[in-house]
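Q:
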Amino acid sequence: MKFVKLFFLVGIMVLGGCAASGPVFVKPESVPAEKSLVYFYREMGFVASAVCFTIFIDGREIGCLKVGGYLRAEVDPGESIIVASYKDGDERVQPLSLQKNFQQGEVYYYEYVSTLYSVGDMDGGVSRNEYTIPVMPFSNGLIPRTESEALQEVSKLKESI
């Protein structure tokens, strides 16, 4: 029994080290001149919690999105390609990719979801994958969110640093 408790405590400490640890999210007061702001966030959860997903916009690395964290990017307006990938990758976990036309002065929010069930068919530019490791089905997705949806979730998250 003591071994089980010790194993559980060590597991909690290891997984806790994989969580975002930067400052808590603060809603932007303004968007930098001639730019768009893009936020990516990932709520706390068990599935793939030890995995960090790297976010790219037009090939430029934005950062590694940890569980319970967010990333912020300033981008030039216009057509861009967003990619979320698992760098240390299992080939079954394919990169997620979205194309988006960013408008100057706008703020955009994307939620990264990793679940044991299907992310599902959603409108609005969702990118998703489904895979099995080794016998359990997993699903991940990059989902655009409205500001009101995102602010309810991201306000309690920390920057992924």
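With mature numbering (1 follows the signal peptide of the UniProt record, and there is no 0) applied, the sequence shown covers -26 to -1, 1 to 135. Backbone N, C-alpha and C fix where the C-beta goes; we use that ideal spot for every residue, glycine too. All figures in this text were calculated on a predicted structure; none of them were measured in a lab.
In terms of residues, what are the limits of the beta strand (DSSP E) holding Q73?
A: To locate residue 73, count along the sequence shown from 1; it is residue 99. First-last of the beta strand (DSSP E) with Q73: L70 to F76.
Q: Taking the straight line between their C-alpha atoms, what separation do you get for M96 and Y44?
A: As a position in the sequence shown, residue 96 is number 122, starting the count at 1. As a position in the sequence shown, residue 44 is number 70, starting the count at 1. For M96, the predicted model reports a pLDDT of 45, less than 50, meaning its position is unreliable and no value from the coordinates is stated.
Q: Can you tell me the Cα-Cα spacing of F76 and D32, whole angstroms?
A: As a first step, residue 76 must be located in the sequence shown, where it is residue number 102. As a first step, residue 32 must be located in the sequence shown, where it is residue number 58. Each residue's Cα considered, the two are about 12 Å apart.
Q: Mapping the DSSP letters down to three states, classify L131 as helix, strand or coil.
A: The residue you call residue 131 lines up with position 157 of the sequence shown. The answer is coil: DSSP assigns L131 none of H, G, I, E or B.
Q: Exposed or buried, which one is P118 when buried takes at least 16 other CB atoms within 10 Å?
A: Here residue 118 is taken as the residue at index 144 of the sequence shown, counted from 1. That one is buried.
Q: Can you check whether the CB of V81 is closer than 7 Å to the CB of L125?
A: Taking the first residue of the sequence shown as 1, we reach residue 125 at position 151. Taking the first residue of the sequence shown as 1, we reach residue 81 at position 107. Going by C-beta atoms, L125 is not nearer than 7 Å to V81.
Q: Can you tell which of V5, V(-1) and K1 has its C-alpha closest to the C-alpha of Q78?
A: The count along the sequence shown starts at 1 and reaches residue 78 at position 104. That would be V5, whose Cα lies nearest to the Cα of Q78.
Q: Quick check on the burial criterion: 16 or more other C-beta atoms within 10 angstroms. Buried or exposed for V87?
A: As a first step, residue 87 is located in the sequence shown; it is residue number 113 there, counting from the start. The residue in question, V87, is buried, as its Cβ has 16 or more Cβ neighbours within 10 Å.
Q: Closest to F30 by CA distance: which of E133, I55, Y15 and R16 is it?
A: Counting from one through the sequence shown, the residue named residue 30 turns up at place 56. Considering only alpha carbons, the answer is I55.
Q: Taking the Cβ atom as the reference point for each residue, do S134 and L39 lie within a distance shorter than 7 Å?
A: Your numbering for residue 134 matches position 160 in the sequence shown. Your numbering for residue 39 matches position 65 in the sequence shown. For the pair S134 and L39, the CB atoms are nearer than the 7 Å cut-off.
Q: Measure from the alpha carbon of R34 to the alpha carbon of each residue in S59, G42 and E17, then state which is nearest.
A: Here residue 34 refers to the residue found at position 60 when the sequence shown is read from its first residue. Nearest C-alpha to R34: S59.
Q: With a 10 Å radius around its C-beta and 16 neighbouring C-beta atoms as the bar for buried, classify G98 as buried or exposed.
A: Taking the first residue of the sequence shown as 1, we reach residue 98 at position 124. The predicted position of G98 is uncertain, since its pLDDT is 49 and thus under 50; a value taken from the coordinates is nonetheless stated next. So G98 ends up on the exposed side.
Q: So, for P69: in the same chain, excluding its five sequence neighbours on each side, which residues have a beta-carbon less than 7 Å away from its beta-carbon?
A: The residue given as residue 69 occupies position 95 in the sequence shown. Hits under 7 Å: V57, A58 and S59.
Q: Check A47 in the structure and name its three-state DSSP category.
A: If you number the sequence shown from 1, residue 47 lands on position 73. In this structure, A47 counts as strand in the three-state DSSP scheme.
Q: Could you give the residue range of the beta strand (DSSP E) that holds G79?
A: Position 105 of the sequence shown, counted from the start, is the residue given in the question as residue 79. Careful: G79 lies outside any beta strand (DSSP E) and carries neither H nor E.
Q: Would you call T3 buried or exposed, if buried means 16 or more other Cβ atoms sit within 10 Å of its Cβ?
A: If you number the sequence shown from 1, residue 3 lands on position 29. Per the sequence presented here, residue 3 reads as Glu, with Thr not at that position. Result: exposed.
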